[in-house]
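Enquirer: Counting in my numbering, the sequence shown runs from 199 upward without gaps. C-beta atoms are modelled at their ideal positions from N, C-alpha and C, and glycine is treated no differently. Note that the coordinates shown come from a computational prediction; the quantities given were computed from them, not determined experimentally. What follows is a single structure, and I will ask about it in a moment.
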Amino acid sequence: MDFESLLGLLTSLSGLGALIAALVNVLKTAGLVQDGQAGTVSAGLNLAALAVLLALGVLRPEFDLGAADRLAGQLAVVLSTVFAFVWQLGAARLSHRLVLRGLPWVGKSFS
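Okay, structure coming up:
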């Protein structure tokens, strides 16, 4: 694969971008990345990933970047789904503790 086609392929990798976006969102929610830093962290991760993929494309031309991008996209979906589920559980517990506890009918606990 020549350098120009490699660069063209690298610019079309949407799965990797989705994975990085999901990762930055998790890090923001965990408090490890501040809201104003998200763009910088995302740009840094994208640049690092691009450098790694470019090196792979040059050093190992047989490496299937398209398959790696599809895998990154699938990982982004899994990460987003698991994170949403965990967040939902936490929000439900917090809502019960702060709002519903002690209210008739809806605030009853049998444990």
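Name the residue from Phe283, Val284, Ala247 and Ser210 whose alpha carbon lies nearest to the alpha carbon of Ile218.
Expert: For the residues Phe283, Val284, Ala247 and Ser210, the minimum Cα distance to Ile218 belongs to Ala247.
Enquirer: I'd like the list of long-range same chain contacts for Ser278, defined as Cβ closer than 7 Å, with 5 residues on each side in sequence excluded.
Expert: Counting only Cβ-Cβ distances below 7 Å, and skipping sequence neighbours, we find Ala220.
Enquirer: Tell me which residue opens and which closes the alpha helix (DSSP H) that Gly300 is part of.
Expert: Note, Gly300: premise wrong, no alpha helix (DSSP H); not H, not E.
Enquirer: Measure the beta-carbon distance from Ala274 to Gly213 and round it to whole angstroms, keeping in mind my assumption that it falls under 8 Å.
Expert: Rounded, the Cβ-Cβ distance is 7 Å, consistent with contact.
Enquirer: With distances taken between CB atoms, is the gap from Leu211 to Leu292 smaller than 8 Å?
Expert: No. Outside cutoff.
Enquirer: Would Leu287 be called buried (16 or more neighbouring beta carbons within 10 Å of its own) or exposed?
Expert: Exposed.
Enquirer: From what residue to what residue does the alpha helix (DSSP H) around Ser312 run?
Expert: It is not possible to answer for residue 312, since the shown part of the chain is limited to 199 through 309.
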